[in-house]
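2 protein chains.
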Amino acid sequence: MKRKLTIIKVGGKIVETPDSLDALLHDFSMLEGHKVLVHGGGRTATQIATQLGIESQMHNGRRITDAETLKVVTMVYAGLVNKQIVCGLQALGHNALGLTGADMDYMRSEKRPVGEIDYGFVGDVKEVRADLLADLIEKGLTPVLSPLTHDGKGHLLNTNADTIAGEAAKALSRYFDVTLVYCFEKKGVLMKETDDDSVIPVINHDTFAQYVQEGVVAGGMIPKLENAFQAIEAGVQAVIITRSDDLEGKNGTRVQA
Amino acid sequence: MKRKLTIIKVGGKIVETPDSLDALLHDFSMLEGHKVLVHGGGRTATQIATQLGIESQMHNGRRITDAETLKVVTMVYAGLVNKQIVCGLQALGHNALGLTGADMDYMRSEKRPVGEIDYGFVGDVKEVRADLLADLIEKGLTPVLSPLTHDGKGHLLNTNADTIAGEAAKALSRYFDVTLVYCFEKKGVLMKETDDDSVIPVINHDTFAQYVQEGVVAGGMIPKLENAFQAIEAGVQAVIITRSDDLEGKNGTRVQA
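Chains as they are written, first to last, in the numbering used here: chain A, 1000 to 1256; chain B, 1000 to 1256.
The following block contains the structure:
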């Protein structure tokens, strides 16, 4: 039987203010079994970029990453945010290891082709090498993954943290029973967008189709859930969408096959 | 018989300009056997700090690291410089892994006590856990060490890169026959400071004492060589002081017991 692994993806905001970061790391340290933390850091990146006189350009919520912006996100994601988390987890007795996709060559991507929009140094994930990563997790290490990958040709590439979490979960499901928990600002997928207590406890393919038809699930939640189903089809045990004060995903929405 | 391991320490300047970094990584990639790269990044840190409106304060060549400066060096050392090197080595077919002392808890330090000078968040190394590091090196990974450690209580600490290299060399000499190569701007320890071709090929305890007495070795080279002897006494096979275009240390000064 495979051992259990929980992969938690948290957004930028929670890791970017000291109090909420402390609370998150405390909750994360209480989770039983093997685990991985995937983080963002966009707000700090925007703030540092502004201080450095670099304008942050976004398109559909994605950062357009020119050469100067790539330097900023490398500093903020792989440096400041990642190492504060690693150091904080060590203080809680967790042997953490911070990684970009370039480290141990664990996640390669390709620069996104220029279409209507030129996203610049943004990577679409192409290959995940999870063997060393799985080995380190078995040894008791807790990987902390920052949203950067590389192309194997000497370029770091800015990569969506949800994608990093999903791709890592898929690749690691060869070695572990993986539960992937996406934390965001709401309690889960809601029946009524305005009612935070209307969390849908379980979604499967059939109910998803039904909810989309009824307009209950709409907008950005559709691709999020499609990604979740992809992860499950690739062998991930469960995907949970919940709020960041519920890392165990007890009160969120569980996505099942 | 232990296997050979070469630990190369390079200063900031060489890793901070694209051309010299490319040349360094090329030379480094040509070195045979297991290896570790230790880097600085002070010039970039000073530059980014200036851009962010943070004044860089130095004392005897050491950076006084207040809370804001610690953020800058974390961004620059662990983020920008470290990941550019890791990514560059991957492109050359070397499976690199970038680390601070907090990663895998491999190097702990204590905040330097406030004496005449308050260095701020600067760490003096107290403990090196080299077992996991040695294991990864055996597996073919190339660690890339940035000059940051942690105190195990949630604080990253700015730590001299020469010290990181020396402490890593000592701890890894339990597992490997370690050669430690310190690269700097001169060809080695010089008989005449003004004559770059007057490199002393070998220094041992006896000749060191003699050179100090004669005034041949003076100033900052004395503690550098004292550290080198300490490393050798702790089991490091050889320490070489040379220029960064001579990573094999053929033309530098070899420090022996």
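The beta-carbon is built from N, C-alpha and C at its ideal position, and this holds for glycine as well.
Just so you know, these numbers come straight off a predicted model, no measurement behind them.
Item to complete: Establish whether the CB of A/Asn1094 and some CB of chain B are separated by less than 8 Å.
Response: One-based indexing of the first sequence puts residue 1094 of chain A at position 95. Yes, A/Asn1094 counts as interfacial toward chain B.
Discussion item. Taking beta-carbon pairs under 8 Å, can you tell me which members of the stretch 1048-1067 of chain A lie near chain B?
Written reply: Gln1050, Leu1051, Gly1052
Practice prompt. Indicate whether at least one CB of chain B lies closer than 8 Å to the CB of A/Gly1119.
Written response: Residue numbering aside, residue 1119 of chain A sits at position 120 when the first sequence is read from its first letter. No, because no Cβ of chain B sits closer than 8 Å to the Cβ of A/Gly1119.
Practice prompt. Could you name the residues of the same chain whose beta carbon sits closer than 6 Å to that of A/Arg1111, not counting the 5 residues immediately before and after it, in chain order?
Written response: Your numbering for residue 1111 of chain A matches position 112 in the first sequence. Hits under 6 Å: Tyr1118, Val1121, Asp1123.
Fill in: B/Met1057 to A/Leu1246 span [Cα, whole Å]
The residue you call residue 1057 of chain B lines up with position 58 of the second sequence. The residue you call residue 1246 of chain A lines up with position 247 of the first sequence. Distance between the alpha carbons of B/Met1057 and A/Leu1246 is about 44 Å.
Worksheet item: What residue from B/Ala1233, B/His1149, B/Gln1050, B/His1038 has the CA that sits closest to B/Gly1097's CA?
Response: On the second sequence, residue 1097 of chain B is found 98 positions in, with the first residue counted as 1. Checking every option, the nearest Cα to that of B/Gly1097 belongs to B/His1038.
Worksheet item: Are the C-beta atoms of B/Leu1079 and some chain C residue less than 8 Å apart?
Response: In summary, chain C is missing from the structure at hand, where the protein chains are A and B.
Worksheet item: Interface residues of chain B around A/Lys1152 at Cβ under 7 Å?
Response: Reading the first sequence from its first residue, position 153 is the one you call residue 1152 of chain A. Ala1090, listed in chain order.
Worksheet item: Does the stretch 1204-1213 of chain A come close enough to the stretch 1163-1175 of chain A that 3 or more CB-CB pairs lie under 8 Å?
Response: no
Worksheet item: Looking only at its own chain, which residues have a Cβ that is under 7 Å from the Cβ of B/Lys1082, when we skip the five neighbours before and after it?
Response: Position 83 of the second sequence, counting from 1, holds the residue named residue 1082 of chain B. Result list for B/Lys1082: Gly1097, in chain order.
Worksheet item: Once you ignore the five residues that flank A/Leu1135 on each side, which residues in its own chain have a CB closer than 8 Å to its CB?
Response: One-based indexing of the first sequence puts residue 1135 of chain A at position 136. Closer than 8 Å at Cβ, skipping near neighbours: Leu1096, Pro1142.
Discussion item. Just verifying my parser: in three-state terms, what is the DSSP assignment at A/Gln1056?
Written reply: Counting from one through the first sequence, the residue named residue 1056 of chain A turns up at place 57. A/Gln1056 falls in the strand class under three-state DSSP.
Discussion item. Residues of chain A with CB closer than 7 Å to the CB of B/Ala1101, please, in chain order.
Written reply: Here residue 1101 of chain B corresponds to residue number 102 of the second sequence, with the count starting at 1. Those are Lys1082, Val1085, Cys1086, Gln1089, listed as they occur along chain A.
Worksheet item: On the three-state DSSP scale, how would you describe A/Glu1166?
Response: The residue labelled residue 1166 of chain A in the question sits at position 167 within the first sequence. Three-state result, A/Glu1166: helix.
Worksheet item: By the criterion of Cβ-Cβ separation under 8 Å, what are the contact partners of A/Lys1070 in chain B?
Response: Counting from 1 along the first sequence, the entry for residue 1070 of chain A is found at position 71. Those are Leu1079, listed as they occur along chain B.
Worksheet item: Identify the residues that DSSP records as bridge partners of B/Met1106: which are they?
Response: Locating residue 1106 of chain B in the second sequence gives position 107, where the first residue counts as 1. The partner list for B/Met1106 (beta bridge, DSSP) reads B/Val1127.
Worksheet item: Does DSSP classify A/Gly1032 as helix, strand or coil?
Response: What you label residue 1032 of chain A is simply residue 33 of the first sequence in a count that begins at 1. DSSP places A/Gly1032 in coil when its eight states are reduced to three.
Item to complete: Can you say whether B/Asp1104 is buried or exposed, counting buried as having 16 or more other CB atoms within 10 angstroms of its CB?
Response: Here residue 1104 of chain B is taken as the residue at index 105 of the second sequence, counted from 1. Classification for B/Asp1104: buried.
Practice prompt. Would you grab the beta carbon distance between A/Gly1087 and B/Gly1153 for me? Rounded to a whole angstrom, and I think it's under 8 Å.
Written response: As a position in the first sequence, residue 1087 of chain A is number 88, starting the count at 1. As a position in the second sequence, residue 1153 of chain B is number 154, starting the count at 1. A/Gly1087 to B/Gly1153, Cβ: 5 Å. Contact.
Discussion item. Output needed for A/Glu1067: all residues of its chain with C-beta closer than 6 Å, excluding positions within five of it in sequence on either side, in chain order.
Written reply: By one-based count along the first sequence, residue 1067 of chain A stands at place 68. Cβ within range, chain order: Ile1053.
Item to complete: Give every residue of the same chain whose Cβ lies closer than 7 Å to the Cβ of A/Lys1186, excluding the five residues on either side of it in the sequence, and list them in chain order.
Response: As a first step, residue 1186 of chain A must be located in the first sequence, where it is residue number 187. Closer than 7 Å at Cβ, skipping near neighbours: Asp1195, Val1198, Thr1241, Arg1242, Asn1250, Gly1251.
Worksheet item: Can you name the residues that DSSP bridges to B/Thr1148?
Response: Translated into the one-based positions of the second sequence, residue 1148 of chain B becomes position 149. Paired residue(s): B/Leu1156.
Item to complete: Consult DSSP for B/Arg1260 and reduce its assignment to one of helix, strand or coil.
Response: This structure cannot speak to residue 1260 of chain B, because chain B is shown only from 1000 to 1256.
Worksheet entry | Whole-angstrom distance between B/Gly1139 and B/Asn1157, CA atom to CA atom | As a position in the second sequence, residue 1157 of chain B is number 158, starting the count at 1. As a position in the second sequence, residue 1139 of chain B is number 140, starting the count at 1. The straight-line gap from Cα to Cα measures roughly 28 Å.
Worksheet item: Which class does A/Ala1237 belong to by DSSP, given the choice of helix, strand or coil?
Response: As a position in the first sequence, residue 1237 of chain A is number 238, starting the count at 1. Correct three-state label for A/Ala1237: strand.
Fill in: Buried versus exposed, by CB contacts within 10 Å (16 or more), B/Glu1015
Looking up residue 1015 of chain B in the second sequence gives position 16. By the 10 Å Cβ count, B/Glu1015 comes out buried.
Item to complete: State the CB to CB distance for the pair A/Val1235 and A/Lys1169, rounded to an integer number of angstroms; the pair is presumed to be in contact (CB under 8 Å).
Response: Position 236 of the first sequence, counted from the first residue, corresponds to residue 1235 of chain A. Position 170 of the first sequence, counted from the first residue, corresponds to residue 1169 of chain A. Confirmed, about 6 Å.
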